[in-house]
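Student:
2 protein chains.
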Amino acid sequence: MTRLSNYLLPTEKQAPADAEAISHKLMVRAGLIRQMGAGMWTWLPAGWRVHQRVVAIIRQELDGIGAQEMLMPVLQPAELWRKTGRLDIDELFKLQDRKGSEMVLAMTHEEAVTFHVAQTVRSYRDLPLILYHFQVKERDEPRPRAGVLRTREFVMKDSYSFDRDRAGLEENYALHIGAYDRIMARTGLRFYRVESDVGMMGGLGADEYMAPCPAGEDQVALAPGYAANVEVALRHPDIREVGDGDAHPPRYMLGDQVLTIEPAIEIGNIFKLGTRYSEPLGANFLDEAGNEQPIWMGSYGIGPARIVAAAVEQFADEYGISWPRALAPFAVHLIALGKPDTPEREACDGVYETLRAGGVEVLYDDREGQPGEKFADAELLGCPLRLTVGRKSLESGEIEVQLRRGRQQAAGLALGGDPEALLRAVDELWRSLP
Amino acid sequence: MTRLSNYLLPTEKQAPADAEAISHKLMVRAGLIRQMGAGMWTWLPAGWRVHQRVVAIIRQELDGIGAQEMLMPVLQPAELWRKTGRLDIDELFKLQDRKGSEMVLAMTHEEAVTFHVAQTVRSYRDLPLILYHFQVKERDEPRPRAGVLRTREFVMKDSYSFDRDRAGLEENYALHIGAYDRIMARTGLRFYRVESDVGMMGGLGADEYMAPCPAGEDQVALAPGYAANVEVALRHPDIREVGDGDAHPPRYMLGDQVLTIEPAIEIGNIFKLGTRYSEPLGANFLDEAGNEQPIWMGSYGIGPARIVAAAVEQFADEYGISWPRALAPFAVHLIALGKPDTPEREACDGVYETLRAGGVEVLYDDREGQPGEKFADAELLGCPLRLTVGRKSLESGEIEVQLRRGRQQAAGLALGGDPEALLRAVDELWRSLP
Chain X
2 MTRLSNYLLP TEKQAPADAE AISHKLMVRA GLIRQMGAGM WTWLPAGWRV HQRVVAIIRQ
62 ELDGIGAQEM LMPVLQPAEL WRKTGRLDID ELFKLQDRKG SEMVLAMTHE EAVTFHVAQT
122 VRSYRDLPLI LYHFQVKERD EPRPRAGVLR TREFVMKDSY SFDRDRAGLE ENYALHIGAY
182 DRIMARTGLR FYRVESDVGM MGGLGADEYM APCPAGEDQV ALAPGYAANV EVALRHPDIR
242 EVGDGDAHPP RYMLGDQVLT IEPAIEIGNI FKLGTRYSEP LGANFLDEAG NEQPIWMGSY
302 GIGPARIVAA AVEQFADEYG ISWPRALAPF AVHLIALGKP DTPEREACDG VYETLRAGGV
362 EVLYDDREGQ PGEKFADAEL LGCPLRLTVG RKSLESGEIE VQLRRGRQQA AGLALGGDPE
422 ALLRAVDELW RSLP
Chain G
2 MTRLSNYLLP TEKQAPADAE AISHKLMVRA GLIRQMGAGM WTWLPAGWRV HQRVVAIIRQ
62 ELDGIGAQEM LMPVLQPAEL WRKTGRLDID ELFKLQDRKG SEMVLAMTHE EAVTFHVAQT
122 VRSYRDLPLI LYHFQVKERD EPRPRAGVLR TREFVMKDSY SFDRDRAGLE ENYALHIGAY
182 DRIMARTGLR FYRVESDVGM MGGLGADEYM APCPAGEDQV ALAPGYAANV EVALRHPDIR
242 EVGDGDAHPP RYMLGDQVLT IEPAIEIGNI FKLGTRYSEP LGANFLDEAG NEQPIWMGSY
302 GIGPARIVAA AVEQFADEYG ISWPRALAPF AVHLIALGKP DTPEREACDG VYETLRAGGV
362 EVLYDDREGQ PGEKFADAEL LGCPLRLTVG RKSLESGEIE VQLRRGRQQA AGLALGGDPE
422 ALLRAVDELW RSLP
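Line by line, the protein sequences are chains X and G. Per our numbering, the very first residue in the first sequence carries number 2; after that it's consecutive. Per our numbering, the very first residue in the second sequence carries number 2; after that it's consecutive.
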């Protein structure tokens, strides 16, 4: 039951003064998120619905490759991070407890998961294994920016694979690539998988998932059959700069193909860690011959918040957000134009009840207020289907339908007829959407 | 698909040396949780399944009273806590970011939610409102103890109600009592709702939900028609101590009824905050006459981890855990006694596939290993139904059934017959369980 008259959706006409990224502006204006401090954000109810849609897709695909969900703490003993040599990372928040013990707030969970695996995995029979959780991460970002794109706290899905050798790691890595490809495709985003650097994680190789959009802080280099993080591309021996002086930005060629460089948001990254963490933390197993061997690990992250923001960036228009249907907070935004106790309001209440009883996720704008404001809020929030019932509907016998993407008017739906027919018609419309 | 051969369920014969509480011992031994440091715990996959069962029940009942789910950050500006006078609480973790700004880790979210409501609620039309989230809490406990019963980090569901006046608060408080009563009843726990102190929360009144068990740190005072936290009871004007000297513990009477005092775990608490937080944080609304008024608030917490631990405490026997069916990690623990490639193993694989395809949550012990070890692990983990298929099953044509609670053998189920009949029989058994 979601009636806008008692739902916290504080829409705003103005974006925050410091907002530059489209997603930052629109997510605040649509009432999805609110800021608590630099890099600290709250997900309001409608925003959290979108976030949790992404979480549900990720969970389903991870479970599908046999990954096991768990939960590891954010607050951790500093000692673990000292052992892996990561205690000095600037982004790592450090603190002391009341007894003066050194603690950290996890920015990722390699140390934690490896600590547990070192204690629980004993033999090759216990491998392979994929573990994951959704947990808040804390990072002391020097420059939080762009709403939820770069924050100091965010929910991340991080999974970790454990294998007896490199071949096993390659298999689990390939399983994750499959799962990530499906996750990204299901969100409805445009994305690239690109080669990347291992960075602070260390290890043997890495790929990134990138969603192209102007607010992206990263850059991807693209040519037919080639996609890489731009830093990786610039080290490619066959990529050469061609220039016509200082006046223009540099252009690059790969063989005889022009390399396109696009800004993009990093929405996922996966790393072949090898034994980078298992060795310092003593995560070993006994092989068939009874010899102790270090466990081979992989690490796989996705930030649901960035997927949400990337979807806003890629599909917004001048009126607001336009969700891909997999991420929409509600399938239907139903607008009542009539005042309470009018026949047109009663008709709209009936449509709401039919949709709700039929399991359609519907946000019902039953507020007092002007039609123009209601339409503007609906376009700002960006649910894929907008249905409107007003006095005109009673005359025409039709519910007005707008498809948010492209703002096209669709054929009206019969008002007051067979509820099953209405549900079938809404379902058919829904399936036709991107 | 949950096959024990590749599931992380590290059972142990021995409990941790420092463990005293039954839940601490058994949850570690059953492979549900592992410790990372003092008061810092990881939920392993089977434990997390139980935790999330509690979360799902809470979410459903909160949504049922119109509460709206969101997510607020753990990392917060210290300034907010200074305004409410709670910055000096010893249990509050404080830290500085790289620029030297003072931050805290939220131990509860009154400050955060009131901050947002102050910015977004303007008029009496925006009220009433119930907001909630599931989020990790951090508390610098001086004495973490008893496994997940008293930790420095834990997931809490906290909800907050916002009303225009005291009558509104009383209504939302009553709605929460209804939801909490249903939540606790659905978990299968024995529990009391008792009057309590407001403590560090401040405000006008409070109730606690208590699950009686020997490991409880709290005490409830009970008499016919009366239940209170023992501190509250001892201030009751009609409760009097009757003693026969120093040799015996004190006894108390309420009128002519003996007061029973039982140890209990606090599993939920609810507070009438009044304007304790809205005033310092400026959370006001405009009433119909255009006058600014402070918002009346309530605050409502539940710790899923404590509900899990209390269920272990209340129903365990000398063999292990015995879950109420609402919380069990799996409905069925299926044990294959036969080695791979034997007819009895093939028959057990068939039962597994039937149950799985029928939507039964089943943990399949398909490991190599001795029957005795498999039975011991099943009794330790405590799933309500244990099914066993071995060579004997082929002879008798029956799947062996044990009900974990009470360890009774039930009538066998037909092996290799109609899959639908097997699913119906399992479902019927399931419904008969506590």
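Backbone N, C-alpha and C define an ideal beta-carbon position, used for all residues, glycine too. Please read these numbers as outputs of a predicted model, since none were measured by experiment.
Could you please give the first and the last residue of the uninterrupted beta strand (DSSP E) stretch that includes X:A212?
Tutor: On the first sequence, residue 212 of chain X is found 211 positions in, with the first residue counted as 1. Per DSSP, X:A212 belongs to the beta strand (DSSP E) from 206-213.
Student: Could I get the ranges of all uninterrupted beta strand (DSSP E) runs contained in the stretch 257-341 of chain G, with 3 residues as the minimum, in chain order?
Tutor: Here the runs fully enclosed are 258-275, 285-287, 293-295, 297-303, 333-337.
Student: Can you pull the chain G neighbours of X:A113, defined as C-beta to C-beta under 8 Å?
Tutor: For this step, residue 113 of chain X is matched to residue 112 along the first sequence. Here the neighbours are M37, T43.
Student: Going by alpha carbons, who is nearest to X:Y465 out of X:A20, X:K273, X:G413, X:M211?
Tutor: Coverage of chain X is limited to positions 2 through 435, which leaves residue 465 of chain X absent and any answer about it impossible.
Student: Quick one, are the C-beta atoms of G:G304 and G:F155 less than 7 Å apart?
Tutor: The residue you call residue 304 of chain G lines up with position 303 of the second sequence. The residue you call residue 155 of chain G lines up with position 154 of the second sequence. It is a contact, given that the beta carbons lie within the stated cut-off.
Student: Using a Cβ cut-off of 7 Å (strictly closer), state whether G:M108 contacts chain X.
Tutor: Position 107 of the second sequence, counted from the start, is the residue given in the question as residue 108 of chain G. It does not: the Cβ of G:M108 has no partner Cβ on chain X nearer than 7 Å.
Student: Nearest to G:E267 by alpha carbon, out of G:T276, G:A207, G:P295?
Tutor: Numbered from 1 along the second sequence, position 266 holds the residue referred to as residue 267 of chain G. Ranking the options by Cα distance to G:E267, first place goes to G:A207.
Student: Along the alpha helix (DSSP H) that carries X:H110, what are the first and last residues, could you check?
Tutor: As a position in the first sequence, residue 110 of chain X is number 109, starting the count at 1. Premise fails: X:H110 is in no alpha helix (DSSP H) and is neither H nor E.
Student: Could you tell me the boundaries of the beta strand (DSSP E) in which X:S389 lies?
Tutor: For the purposes of this step, residue 389 of chain X is taken as the residue at position 388 of the first sequence. Correcting the residue type first, residue 389 of chain X is Thr in the shown sequence and not Ser. Segment 386-390, the beta strand (DSSP E) holding X:T389.
Student: Please tell me whether X:M28 has its Cβ less than 7 Å away from any Cβ of chain G.
Tutor: As a first step, residue 28 of chain X must be located in the first sequence, where it is residue number 27. Judged by the 7 Å Cβ criterion, X:M28 is not in contact with chain G.
Student: Quick one: is X:E111 buried, meaning 16 or more other Cβ sit within 10 Å of its Cβ, or exposed?
Tutor: The count along the first sequence starts at 1 and reaches residue 111 of chain X at position 110. It is buried - the Cβ of X:E111 has at least 16 other Cβ atoms within 10 Å.
Student: Could you check where the beta strand (DSSP E) with X:L132 kicks off and where it finishes?
Tutor: As a first step, residue 132 of chain X is located in the first sequence; it is residue number 131 there, counting from the start. Element bounds for X:L132: 130-139.
Student: Measuring alpha carbon to alpha carbon, tell me which residue in G:T355, G:V309, G:V105, G:E396 is nearest G:E92.
Tutor: In the second sequence, residue 92 of chain G corresponds to position 91, counting from 1. Looking at the Cα atoms, G:V105 is the closest of the given residues.
Student: Taking its Cβ as the centre, do 16 or more other Cβ atoms sit within 10 Å of G:E345, making it buried, or is it exposed?
Tutor: If you number the second sequence from 1, residue 345 of chain G lands on position 344. Buried, since its Cβ has 16 or more Cβ neighbours within 10 Å.
Student: Could you tell me whether the stretch 3-12 of chain X touches the stretch 107-124 of chain X, using the rule of 3 or more Cβ pairs below 8 Å?
Tutor: Not touching, per the Cβ criterion.
Student: Please return the same chain residues whose Cβ sits closer than 6 Å to the Cβ of X:T389, not counting the five positions on each side in sequence.
Tutor: Locating residue 389 of chain X in the first sequence gives position 388, counting from the first residue. Hits under 6 Å: I336, E401.
Student: Could you compute how far the alpha carbon of G:F192 sits from the alpha carbon of G:V55?
Tutor: Position 191 of the second sequence, counted from the start, is the residue given in the question as residue 192 of chain G. Position 54 of the second sequence, counted from the start, is the residue given in the question as residue 55 of chain G. The alpha-carbon atoms of G:F192 and G:V55 are separated by roughly 15 Å.
Student: Run down chain G in chain order and give the residues with a C-beta less than 7 Å from the C-beta of X:D141.
Tutor: Mapped onto the first sequence, residue 141 of chain X falls at position 140. Those are D98, R99, listed as they occur along chain G.
Student: For chain G, check one thing: does any of its Cβ atoms lie closer than 7 Å to the Cβ of X:H117?
Tutor: Along the first sequence, one-based indexing puts residue 117 of chain X at 116. Yes, its Cβ sits closer than 7 Å to a Cβ of chain G.
Student: Quick check: the Cα distance between G:V363 and G:H334, rounded to an integer number of angstroms?
Tutor: As a working mapping, residue 363 of chain G is identified with position 362 in the second sequence. As a working mapping, residue 334 of chain G is identified with position 333 in the second sequence. Whole-angstrom Cα-Cα distance: 6 Å.
Student: Would you please state the rounded distance, in angstroms, between the beta carbons of X:E70 and X:H134? I believe it to be under 8 Å.
Tutor: Counting from one through the first sequence, the residue named residue 70 of chain X turns up at place 69. Counting from one through the first sequence, the residue named residue 134 of chain X turns up at place 133. Sure, about 6 Å apart at Cβ, within 8 Å.
Student: So is G:S102 buried or exposed if we call it buried at 16+ other beta carbons inside 10 Å?
Tutor: Residue 102 of chain G sits at position 101 when you count from the first residue of the second sequence. Under this definition G:S102 is an exposed residue.
Student: Between X:T355 and chain G, is the shortest Cβ-Cβ distance under 7 Å, so that the two count as touching?
Tutor: The sequence position of residue 355 of chain X within the first sequence is 354, counting from 1. With 7 Å as the cut-off, X:T355 does not count as an interface residue toward chain G.
Student: Take X:V51 as the anchor and find which of X:L434, X:P325, X:L395, X:G417 has the nearest alpha-carbon.
Tutor: For the purposes of this step, residue 51 of chain X is taken as residue 50 along the first sequence, with counting starting at 1. It is X:P325 whose Cα lies nearest to the Cα of X:V51.
Student: Is the separation between the beta-carbon of X:V243 and that of X:V221 shorter than 7 Å?
Tutor: For this step, residue 243 of chain X is matched to residue 242 along the first sequence. For this step, residue 221 of chain X is matched to residue 220 along the first sequence. Not in contact: X:V243 and X:V221 (Cβ atoms no closer than 7 Å).
Student: Among G:T3, G:Q15, G:E314, G:T152, whose alpha-carbon lies nearest the alpha-carbon of G:M37?
Tutor: Sequence index remark: in the second sequence, residue 37 of chain G carries index 36 (1-based). For the residues G:T3, G:Q15, G:E314, G:T152, the minimum Cα distance to G:M37 belongs to G:T152.
Student: According to DSSP, which residues form a beta bridge with G:S124?
Tutor: On the second sequence, position 123 is the one that residue 124 of chain G refers to. According to DSSP, which records beta bridges pairwise, G:S124 is partnered with G:L287.
Student: Report the rounded CA-to-CA distance for X:K375 versus X:A332, giving the unit in angstroms.
Tutor: Position 374 of the first sequence, counting from 1, holds the residue named residue 375 of chain X. Position 331 of the first sequence, counting from 1, holds the residue named residue 332 of chain X. Near 17 Å, if we compare the C-alpha coordinates of X:A332 and X:K375.
Student: Using a Cβ cut-off of 7 Å, which residues of the stretch 156-170 of chain X contact any Cβ in chain G, in chain order?
Tutor: Result list empty, no residue passes.
Student: Would you tell me roughly how many angstroms separate the C-alpha atoms of G:A312 and G:H237, rounded to the nearest one?
Tutor: Indexing the second sequence from 1 puts residue 312 of chain G at position 311. Indexing the second sequence from 1 puts residue 237 of chain G at position 236. The straight-line gap from Cα to Cα measures roughly 31 Å.
Student: Which residues in chain C sit within 9 Å of X:R406, going by Cβ to Cβ distance?
Tutor: The displayed structure is made up of protein chains X and G, and chain C is not among them.
Student: Using a Cβ-Cβ distance cut-off of 7 Å, determine whether G:V137 contacts chain X.
Tutor: Locating residue 137 of chain G in the second sequence gives position 136, counting from the first residue. By this cut-off, G:V137 is an interface position.
Student: Does the Cβ of X:V149 have 16 or more other Cβ atoms within 10 Å, making it buried, or fewer, making it exposed?
Tutor: As a working note, residue 149 of chain X is residue 148 in the first sequence. The residue is buried, with at least 16 neighbouring Cβ atoms inside 10 Å.
Student: Any beta-carbon of chain G closer than 7 Å to the one on X:Q69?
Tutor: One-based indexing of the first sequence puts residue 69 of chain X at position 68. Closer than 7 Å to some Cβ of chain G, the Cβ of X:Q69 qualifies, so yes.
Student: Just curious, the alpha helix (DSSP H) that X:A79 is in, first and last residue?
Tutor: The count along the first sequence starts at 1 and reaches residue 79 of chain X at position 78. Note, X:A79: alpha helix (DSSP H), 79-84.
Student: Give the residues of chain G in contact with X:Y278, contact being defined as C-beta atoms less than 8 Å apart.
Tutor: Position 277 of the first sequence, counted from the start, is the residue given in the question as residue 278 of chain X. Those do not exist, as X:Y278 stays about 15 Å from chain G at its closest Cβ, beyond 8 Å.
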